[in-house]
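Notes for the one structure printed next.
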Amino acid sequence: MHRRQLLDQHLADTLRLYVLTDRGLSRGRDDLSVVSDAIEGGATAIQLRWKTGPLTEAVRVGRELRRLCHRRGVLFVVNDRVDLALALDADGVHVGVDDLPVRETRVLVGNRMIVGYSPPTLAAARAAEDDGADYLGVGPVYGTSTKGDAGEPVGIEQVARIAVEVGLPVVGIGGITAAGAGAVVSAGAAGVAVISAVVGADDVRAAAQALRLAVDQALRARK
Numbered sequence: 208m209h210r211r212q213l214l215d216q217h218l219a220d221t222l223r224l225y226v227l228t229d230r231g232l233s234r235g236r237d238d239l240s241v242v243s244d245a246i247e248g249g250a251t252a253i254q255l256r257w258k259t260g261p262l263t264e265a266v267r268v269g270r271e272l273r274r275l276c277h278r279r280g281v282l283f284v285v286n287d288r289v290d291l292a293l294a295l296d297a298d299g300v301h302v303g304v305d306d307l308p309v310r311e312t313r314v315l316v317g318n319r320m321i322v323g324y325s326p327p328t329l330a331a332a333r334a335a336e337d338d339g340a341d342y343l344g345v346g347p348v349y350g351t352s353t354k355g356d357a358g359e360p361v362g363i364e365q366v367a368r369i370a371v372e373v374g375l376p377v378v379g380i381g382g383i384t385a386a387g388a389g390a391v392v393s394a395g396a397a398g399v400a401v402i403s404a405v406v407g408a409d410d411v412r413a414a415a416q417a418l419r420l421a422v423d424q425a426l427r428a429r430k
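Per the numbering used here, residue 208 is the first one in the sequence shown, and the count goes up by one each step.
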């Protein structure tokens with residue numbers, strides 16, 4: 208198997224259940240306890256999503272999460288902020304259309320971390336691959352109120368299209384629950400990314416377990 212294929216397969220395995228933090232949805236629970244419970248339930252990747260608040264606090268929280276993730280062998284990614292990702296020595300950074308472009312992000316981080324991107328179109332997904340992205344977050348698959356700028360649902364058809372046409376692991380995101388996760392993976396996604404389905408759940412660990420089970424079952428059925 209080609210080295211790039213080996214790298215992609217290893218990355219795909221770490222993207223099965225990708226949980227994004229959100230203080231506004233966590234019911235007053237602190238980020239560290241929420242992430243710890245999510246990992247106990249089977250999360251394979253954690254993204255620090257920091258939309259508001261001082262960066263000094265983001266650095267403090269990020270360092271705690273990074274230590275936890277590394278102890279548990281879980282991927283630690285920072286959303287949007289390349290500077291914060293570099294300061295935290297994160298495993299990766301995820302950027303979107305309004306953030307630093309993929310090419311410039313790759314120049315800054317070099318090979319020290321992976322780069323994720325949220326492509327609005329198939330053409331943008333192809334361009335991101337050429338510019339150095341390592342994986343793609345495609346969505347919103349279903350309707351979601353978590354991200355106000357997410358746009359209209361693209362459906363699992365867009366996940367399938369990009370998974371076939373672009374040679375990078377794809378993660379579905381947007382309104383995904385345990386009931387819908389299997390269909391996203393069956394469409395070709397390496398895994399699912401979730402916010403409210405885990406962070407806002409009554410039982411974070413149980414919610415993560417249910418999602419991970421659905422993803423793993425769909426991956427086994429795809430082989």
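All C-beta atoms in this analysis are idealised placements derived from N, C-alpha and C, irrespective of residue type, glycine included. Please read these numbers as outputs of a predicted model, since none were measured by experiment.
- As computed with DSSP, A400 is found in a beta bridge with Y225, I380.
- Rounded to whole angstroms, G346 and I321 show a C-alpha spacing of 20 Å.
- Here G398 really is in contact with V378; their C-beta atoms are around 5 Å apart, less than 8 Å.
- Spanning the alpha carbons of A386 and T251 requires a straight line of approximately 19 Å.
- If you keep only unbroken alpha helix (DSSP H) runs of at least 4 residues inside the segment 293-326, you get 309-316.
- For W257, the CB contacts under 6 Å within the same chain, skipping 5 residues up- and downstream, are A265 in chain order.
- Contact between the segment 368-384 and the segment 333-348 is established, with three or more Cβ pairs separated by less than 8 Å.
- Taking all protein chains in view, the Cβ of Q216 is surrounded by fewer than 16 other Cβ atoms within 10 Å, so the residue is classified as exposed.
- In the DSSP assignment, L239 falls within the alpha helix (DSSP H) that extends over 238-247.
- When the alpha-carbon of A292 is set against those of R270, Q416, G303, the nearest one is in R270.
- One thing to note: V285 has its Cβ no nearer than 8 Å to the Cβ of V405.
- Shown here for R313: same chain residues with a beta carbon closer than 7 Å to its own, the five before and five after excluded, namely V322, D338, G339 in chain order.
- DSSP places L343 within a strand segment (E or B) once states are collapsed to three.
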